[in-house]
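Data first, discussion second: the structure below is written as structure tokens.
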Amino acid sequence: MALSGECADEIFCGYPWFYRKESISANTFPWTLNLKLPGEYSLNARLREIAYLTLTRWMPVLLDRKDRMSMAAGLEIRVPFCDHRLVEYVFNVPWELKNYGGQEKGLLRASLKGVLPQKVLQRKKKPLPQST
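With this note's numbering applied, the sequence shown covers -4 to 127.
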């Protein structure tokens, strides 16, 4: 058995499309729901919308791929960040906290301060290796 960090980027807003202005201002999701809460700023509403679409459209693809790859290797993978209680809680955390310290997954990094080495907490996000 192994643990995966899958879903951490989705719930803690670790993907670049949560930070790039062109992604935030784009109106490219025709299936979007009106997820704006009373008193919520339009930026927060847009980021909530992007997070919702990431969780409901992108996450199932990633989980299916992870399941197929791990089973092909005879390895069971657990995905603790996909626990529905964590997902539901963090989805409702304000953007300013998710972006704590101006860093992607800032809230997650801050919560692990003193648990993980500083070098790990400050590590920049890296895409998966590309084949040549």
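Every residue gets a Cβ at the ideal spot worked out from N, C-alpha and C, and that includes glycine.
If distances are taken between C-alpha atoms only, which option among Tyr10, Gly101, Glu99, Val110 comes closest to Met54? Along the sequence shown, read from residue 1 onward, the residue named residue 54 stands at position 59. Closest by alpha carbon: Tyr10.
What's the C-alpha gap between Lys108 and Lys114? On the sequence shown, position 113 is the one that residue 108 refers to. On the sequence shown, position 119 is the one that residue 114 refers to. Using only the alpha carbons, I get a separation of about 11 Å.
Going along the chain, which residues of its own chain have a beta-carbon closer than 7 Å to the beta-carbon of Trp12, five neighbours each way excluded? The count along the sequence shown starts at 1 and reaches residue 12 at position 17. Ser18, Ile45.
Do you know offhand how far Ala67's Cα is from Ala3's? By 1-based counting over the sequence shown, the position of residue 67 is 72. By 1-based counting over the sequence shown, the position of residue 3 is 8. Approximately 24 Å, taken between the alpha carbons.
If you draw a straight line from the alpha carbon of Leu102 to that of Leu70, how long is it in whole angstroms? For the purposes of this step, residue 102 is identified with residue 107 of the sequence shown, where counting begins at 1. For the purposes of this step, residue 70 is identified with residue 75 of the sequence shown, where counting begins at 1. Taking the straight line from one Cα to the other gives about 30 Å.
Ignore the nearest five residues each way along the sequence and tell me which others in Ser65's own chain have a CB closer than 7 Å to its CB. Sequence index remark: in the sequence shown, residue 65 carries index 70 (1-based). Cβ neighbours of Ser65 beyond the five flanking positions: Glu71, Ile72.
Helix, strand or coil at Ala21 [DSSP, three-state]: Translated into positions along the sequence shown, residue 21 becomes position 26. Looking at Ala21 - three-state DSSP - the assignment turns out to be coil, as it is neither helix nor strand.
7 Å CB neighbourhood of Lys121 in its chain, flanking five on each side removed: Taking the first residue of the sequence shown as 1, we reach residue 121 at position 126. Counting only Cβ-Cβ distances below 7 Å, and skipping sequence neighbours, we find nothing.
Straight-line Cα distance separating Leu42 from Lys16: Sequence index remark: in the sequence shown, residue 16 carries index 21 (1-based). Sequence index remark: in the sequence shown, residue 42 carries index 47 (1-based). Rounded to whole angstroms, Lys16 to Leu42 spans 11 Å at the Cα level.
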